[in-house]
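The structure under discussion appears below in the form of structure tokens.
In our numbering, the protein residues as written are 37 to 368.
Below you can see the structure in the form of structure tokens.
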């Protein structure tokens with residue numbers, strides 16, 4: 037009987053996952069686990085692993101004797117050592133299309149909130165201040181440049197939505213060819229030009245060794261003093277100390293942040309005390325519909341690997357999947 041282990045989850049129940057897996061001869065192990073060692077021990081003979089926040093590093097992967105696939109809830113796979121999994125013949129799967137509109141909507145909402153001073157007005161009015169200057173100065177979005185760091189599915193949707201407000205998108209994406217940029221109707225520039233020209237810089241890159249700290253002190257210093265930074269991607273892409281300094285000194289006008297280097301964000305973090313921030317708890321992906329879709333597709337990735345030998349959404353396409361202990365005892 038194939039075994040699937042869910043390392044961790046923050047959902048109130050596992051109904052979407054069970055709706056996919058029920059009726060199949062599968063052992064599902066969900067914890068809770070008293071320690072990391074107990075979790076790894078439970079995973080050692082698992083055929084598939086479903087993961088949310090627990091780090092699955094090289095040492096963890098080295099102890100997986102049967103695992104064929106590690107399935108991550110959502111788009112990012114930064115909790116998984118993909119290189120080690122690939123070397124071990126373990127497939128890594130994600131859900132790249134489960135919350136495209138939700139995240140792009142959230143980024144757009146942050147841009148609108150910052151540009152119209154909504155958070156500042158809300159705080160001022162609640163404290164008894166009735167004054168349109170509470171959030172001054174404000175500037176129109178129309179005619180402004182929207183700088184998109186990365187131009188995958190989410191920023192493409194955001195570009196379309198913000199065009200309706202009169203913004204022109206530009207992008208920095210080293211994987212975007214000139215031909216593809218022309219097809220998508222976006223101007224491709226280098227990062228230095230993007231941060232210098234943009235009225236809003238919105239981050240949509242995955243967190244990798246090459247993107248960690250991509251937006252640092254130099255990039256923030258190059259931005260317009262009236263510009264905003266929005267990050268709905270991963271916290272480590274932006275140097276948070278440099279960003280806090282830029283916000284505190286007024287080097288940039290404000291920031292909308294859904295992701296942070298440390299999550300949950302500590303209560304005493306400086307971002308919480310700055311008036312020119314709009315903050316949310318890594319929830320840009322969330323709607324009731326997207327949550328069900330992501331969880332259903334994650335479970336489907338595990339099940340498809342058991343039944344067909346391959347997940348629906350394979351990240352490490354170069355992997356040579358494990359062949360031992362897969363057919364027969366390792367399939368449904």
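Even glycine gets a Cβ: it sits at the ideal position worked out from N, Cα and C. Computed from a predicted model, the values in this text were never measured in an experiment.
Query: Taking the alpha helix (DSSP H) that residue 36 belongs to, which residues open and close that run?; Result: Nothing can be reported for residue 36: it is not among the residues displayed for the chain, which extend from 37 to 368.
Query: Tell me the DSSP secondary structure of residue 106 in three-state form.; Result: strand
Query: Is the separation between the beta-carbon of residue 270 and that of residue 295 shorter than 8 Å?; Result: yes
Query: Do you know offhand how far residue 139's Cα is from residue 317's?; Result: 13 Å
Query: Leaving out five residues before and five after residue 79 in sequence, what residues of the same chain have Cβ atoms less than 8 Å from its Cβ?; Result: 41, 43, 85, 96, 99, 100, 103
Query: Helix, strand or coil: which one does DSSP assign to residue 251?; Result: strand
Query: By Cβ distance below 6 Å, which residues in the same chain neighbour residue 183 in space, the five residues on each side in sequence not counted?; Result: 206, 230, 234, 237
Query: Rounded to whole angstroms, what is the Cα-Cα separation between residue 228 and residue 260?; Result: 12 Å
Query: Which same chain residues end up closer than 7 Å to residue 351 when comparing Cβ atoms and leaving out the 5 residues on each side of it in sequence?; Result: 113, 118, 128, 129, 130
Query: Using DSSP with H/G/I as helix, E/B as strand and the rest coil, what is residue 20?; Result: Because the chain is modelled from 37 through 368, residue 20 falls outside the range shown and cannot be assessed.
Query: Which residues does DSSP list as the beta-bridge partners of residue 131?; Result: Its beta-bridge partners do not exist; DSSP assigns none.
Query: In its own chain, which residues sit with a C-beta less than 7 Å from the C-beta of residue 253, not counting the 5 before and 5 after it?; Result: 275, 278
Query: Assuming contact is defined by CB atoms lying nearer than 8 Å, are residue 83 and residue 342 in contact in what I supplied?; Result: yes
Query: Since I believe residue 247 is in contact with residue 288 (beta carbons under 8 Å), could you give me their beta-carbon distance rounded to a whole number of angstroms?; Result: With 8 Å as the limit, residue 288 and residue 247 do not qualify as a contact, their Cβ atoms being about 20 Å apart.
Query: What is the DSSP secondary structure of residue 284, counted as helix, strand or coil?; Result: helix
Query: Taking contact to mean 3 or more Cβ pairs, one atom from each stretch, closer than 8 Å, check whether the region 295-314 and the region 323-339 are in contact.; Result: no
Query: Kindly indicate which three-state DSSP category residue 260 falls into: helix, strand or coil?; Result: coil
Query: Reducing DSSP to helix, strand and coil, say where residue 222 ends up.; Result: coil
Query: Which value, in whole angstroms, describes the spacing of the CA atoms of residue 185 and residue 311?; Result: 25 Å
Query: Could you compute how far the alpha carbon of residue 132 sits from the alpha carbon of residue 349?; Result: 8 Å
Query: Have a look at 353, 148, 314, 120 and flag the residue whose alpha-carbon is nearest the alpha-carbon of residue 202.; Result: 148
Query: Which one of 65, 88, 302, 251 has the shortest CA to CA distance from residue 47?; Result: 88
Query: Does residue 352 have its Cβ less than 8 Å from a Cβ in chain B?; Result: As a matter of chain content, chain B is missing from the structure shown, which is built from one protein chain.
Query: Using three-state DSSP, classify residue 85 as helix, strand or coil.; Result: strand
Query: Whole-angstrom Cβ separation of residue 320 and residue 143, contact assumed at under 8 Å?; Result: 7 Å
Query: Would you call residue 209 buried or exposed, if buried means 16 or more other Cβ atoms sit within 10 Å of its Cβ?; Result: buried
Query: Cα-Cα, which of 37, 123, 240 is closest to residue 190?; Result: 240
Query: What does the Cβ neighbour count give for residue 37, buried or exposed, with the cut at 16 atoms within 10 Å?; Result: exposed
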